[in-house]
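J.: Reminder that position 497 of the sequence shown reads as 505 in the numbering used here, one-by-one numbering, no gaps.
The beta carbon of each residue, even a glycine, is placed where N, CA and C say it ideally should be.
Below you'll find the structure I mean.
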Amino acid sequence: MAEPYKTRVQQLLQDGLKSTKNYLSEHIDARSLVEQAQRNVRELARINCSIVTSPILYVRYIRTNLLPIKCFKKPYKTRVQQLLQDGLKSTKNYLSEHIDARSLVEQAQRNVRELARKAEQRLQEATGRKEQNGKDMGNFIDSGRPSLVKLPPNHESNITQNRNNVVSPRRSASNPSVLTPFVFQQPIVAPPGSPITILSVSNRLKSNLNNIPIRTSSSSGVSNSSSSVASPVISKSIHDNSHFQYVAIFDYDARTKDDLTIRKSDLLEIKNKKNHAWWKAKNEHGQEGWIPSNYVAKRNSLESEPWYFKSIRRIDAEKQLMSDTNEHGNFLIRDSETRRTDFSLSIRDYDSIKHYRIRQTEDGRFYIARRILFHSLPELVNHYSKTSDGLCVNLRKPCVHTIKPEPDGLSHNLVDNWEIDRREFILIRSLGSGQFGDVWEGLWNNRMPVAIKTLKSGSMNPVDFLAEATIMKKLKHPNLIQLYAVCTIQEPIYIVTELMQNGSLLEYLQGPRGGQLKMSILIYIATQIARGMAYLEQQNYIHRDLAARNVLVGENNIVKIADFGLARIIKEYAGGMYEAKEGTKFPIKWTAPEAALYSRFTIKSDVWSYGILLTELVTYGRIPYPGMTNAEVLRRVDQGYRLPQPLNCPLSLYTIMLECWNADPDLRPSFLILQYRLENEYIGENPEFSN
């Protein structure tokens, strides 16, 4: 052909897909629906793909990679066109059922047509250059152009010989819109001594090429020897999508030159998993680097689905769905909190959240109503996306993640080796000053915001200060501040932690944003603190200084417990009790009486402090026991005095406070009990905590 038809078609498709992907990345509303349409089209292409043959072409049609059709006769060109038309028809039918996405996709299609015009213009220029350099299409390779095959000079005679060995694709009897593949009735014979050289092919085709029967003819006929099989020579530049077994589920920006920047939905090949928290990955463009392991999931796994939120708790699901980034009909699926084999479907229904139990039958099928069963959760989601079928609303879009997990450590080489040269840090501004040091906002590696706690010279034994870092390094929980690194080579010693943008909870409550928090949000904050303390309780640690000033606030009202300066492990002490050294300073108004009077600390003394923290929450940062000195507080509390019920505090919450202040430490609730009571009994059901 005078014009490389295949090159034009493939370039148009590539430009179109790139344009559509870029456009949809800016329109979250349409992305989920269009991604489903793309999956439908890819599945159709997979079913319809045919091994289009000539004596030396054994390449499959996969996704956007069309075949070189220089020596195709008209039926083969017609078949390629039919495959394209089927894919476009499938997309059109899908979008006709999803009005939300149609207008955005139509705009993307207009962009595609404009790109197609430019692509054709570039193609004409490229064709002109090719004709000047010779008529051999096999030697024409242009950057960004599709795959071409170098043909041996005596291929024409084999076209006629082998064309009769192929059964043309036919319509399926059960589904006329589906084409069955071409079938080889006999092995294709290539001329002796003429191996096929694939100059550049889609990486997905590599495995398919090796499975096609290729034999060379000899003077005695067709050889059956395996040594006579002509193996295609694959270029090193081939990009095999079968190696990309993982997909990014969150965006990550590289922190070091060894890291790899990834974006949600990127396909990745994992090269190194030796570090449990950081994996070395390779993207489709051949770039390699380290990424957080909790930012990717196996392709086609449940974890890779945008609507699957794993073990997120009900209260967190409600908070995310009710955020401003989500709207009516958004949904998520999470693991059941009560039955290991079940799931829960949470849907936003205007200003409320509805929850549905997804049960599983003995044979592994899923259902909400037993009258209709599904073989997989994606099948269930697809059904209820088309019709509500008994739900409050049909499933429209996956819940937008408002909380992204933190990577473990600053980088892959600092997970275990956490001593860093202080010259890698820049101190930007002071965030506050404490008894033993100052806290700064800083930058690591000129790009990563961090919090840096410095030790005042002579104010504390460096060994004790490093003990705090050792404790923090061992403790990892979403509601505890994460330790990144330390700098101990010279003074002042640095302890580097994650930075929480909204500062301490006390300052946040006393500020303009905190004063607007509704009671449900305040209880949500209290629940998070109870979770973090329940983890410390499980690890046999006590905090000893739990107060609003030692809790930090991030985005979306996420809070984390900080300042382990007084934290001590208690499992080595008899009875789980720690006796403080003489001269240790206590925050009296937050300290349990047995700890303040006798220096005996247990996890139940932290429960007392938690009750005081609850009063700070509901009073928006007011100091407890107003107008009373520390001595008066000690005397009156020992006599049985307790803080009165704060104004606008629900009675049920005040009841929890009083239980935390029981004179007998053994009768105070555990943090695990406090967590579940706030999550289940009150947040989900108590009308006092609703807005």
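Helix, strand or coil: which one does DSSP assign to residue 699?
T.: In this prediction, residue 699 has a pLDDT of 38, which is less than 50 and means its spatial position is unreliable; what the coordinates show is noted afterwards. Coil.
J.: If we ignore side chains and look at the alpha-carbon of each, how far apart do residue 620 and residue 555 end up?
T.: 8 angstroms
J.: Do you know offhand how far residue 657's Cα is from residue 624's?
T.: Approximately 11 angstroms, taken between the alpha carbons.
J.: From residue 595 to residue 660, what distance separates their C-alpha atoms?
T.: 27 angstroms
J.: Between the Cα of residue 275 and the Cα atoms of 532, 298, 307, 300, which residue gives the shortest distance?
T.: The shortest Cα separation from residue 275 among 532, 298, 307, 300 belongs to 307.
J.: To which residues of the same chain is residue 168 closer than 7 angstroms at the C-beta, ignoring the five residues directly before and after it?
T.: Any reading at residue 168 needs caution, since the residue's pLDDT is 42, under 50, leaving its predicted position unreliable; the model's value is listed next. Closer than 7 angstroms at the Cβ level, and outside the excluded window around residue 168, lies no residue.
J.: With DSSP as the reference, label residue 267 as helix, strand or coil.
T.: Looking at residue 267 - three-state DSSP - the assignment turns out to be strand.
J.: Could you tell me whether the Cβ atoms of residue 357 and residue 336 are closer together than 8 angstroms?
T.: Cβ distance < 8 angstroms, so residue 357 and residue 336 count as in contact.
J.: For residue 280, does the three-state DSSP call read helix, strand or coil?
T.: strand
J.: Could you spell out where the beta strand (DSSP E) holding residue 703 opens and where it closes?
T.: With the chain running from 9 to 699 in the structure shown, residue 703 is simply not present.
J.: Hey, out of 597, 407, 486, whose CA is closest to residue 328's CA?
T.: 407
J.: Three Cβ pairs or more, each shorter than 8 angstroms: is that satisfied between the stretch 451-462 and the stretch 520-531?
T.: no
J.: Distance, Cα to Cα, residue 598 vs residue 676?
T.: 15 angstroms
J.: Would you list the one or two residues that DSSP bridges to residue 363?
T.: 354
J.: Determine the direct distance from the alpha carbon of residue 611 to that of residue 671, and round the result to whole angstroms.
T.: 14 angstroms
J.: Taking DSSP as the reference, what is the three-state secondary structure of residue 312?
T.: helix
J.: Per DSSP, what are the beta-bridge partners of residue 441 in this structure?
T.: 446
J.: Can you give me the C-alpha to C-alpha distance between residue 320 and residue 628, rounded to a whole angstrom?
T.: 28 angstroms
J.: By the 10 Å Cβ neighbour count, where 16 or more other Cβ atoms means buried, how is residue 530 classified, buried or exposed?
T.: buried
J.: Determine contact between the stretch 335-351 and the stretch 360-370, defined as no fewer than three beta-carbon pairs at a distance below 8 angstroms.
T.: Yes, the stretch 335-351 touches the stretch 360-370.
J.: Assuming residue 292 contacts residue 279 under a Cβ cut-off of 8 angstroms, what Cβ separation, rounded to an integer in Å, is found between them?
T.: That belief does not hold up - the Cβ atoms of residue 292 and residue 279 are roughly 14 angstroms apart, past 8 angstroms.
J.: Return helix, strand or coil for residue 338, following the three-state DSSP convention.
T.: strand
J.: With 16 as the cutoff for other CB atoms within 10 Å, does residue 413 come out buried or exposed?
T.: exposed
J.: Flag residue 417 as yes when its Cβ comes closer than 7 angstroms to any non-hydrogen atom of the ligand SAH, and as no otherwise.
T.: The ligand SAH is not among the ligands present in this structure, which contains no ligands whatsoever.
J.: Just reading off the alpha helix (DSSP H) that residue 623 is part of, what are its end residues?
T.: 611-626
J.: Indicate whether residue 492 and residue 515 have their beta-carbon atoms separated by less than 8 angstroms.
T.: At the C-beta level, residue 492 and residue 515 stay beyond 8 angstroms of one another.
J.: Any idea what DSSP makes of residue 681, helix, strand or coil?
T.: helix
J.: Please state if the CB of residue 323 and the CB of residue 687 are separated by a distance shorter than 8 angstroms.
T.: yes
J.: Suppose you measure from the CA of residue 699 to the CA of residue 486; what does that come to, to the nearest Å?
T.: Because the pLDDT at residue 699 is just 38, under 50, the model does not fix this residue reliably, and the point stays unresolved.
J.: With H, G and I counted as helix, E and B as strand and the rest as coil, what does DSSP make of residue 126?
T.: helix
J.: Taking 6 angstroms as the limit between beta carbons, can you name the residues of its chain near residue 288, skipping five residues before and five after?
T.: Excluding five sequence positions before and after residue 288, the CB atoms of its chain that fall closer than 6 angstroms to its own CB belong to 279, 280, 298, given in chain order.
J.: By how many angstroms is the C-alpha of residue 421 removed from the C-alpha of residue 286?
T.: 9 angstroms
J.: I need the straight-line Cα distance from residue 682 to residue 603, nearest angstrom please.
T.: 21 angstroms
J.: So what's residue 306 in DSSP terms, helix, strand or just coil?
T.: strand
J.: Where do the ends of the beta strand (DSSP E) carrying residue 407 lie?
T.: Careful: residue 407 lies outside any beta strand (DSSP E) and carries neither H nor E.
J.: Straight-line CA distance for residue 648 to residue 642?
T.: 10 angstroms
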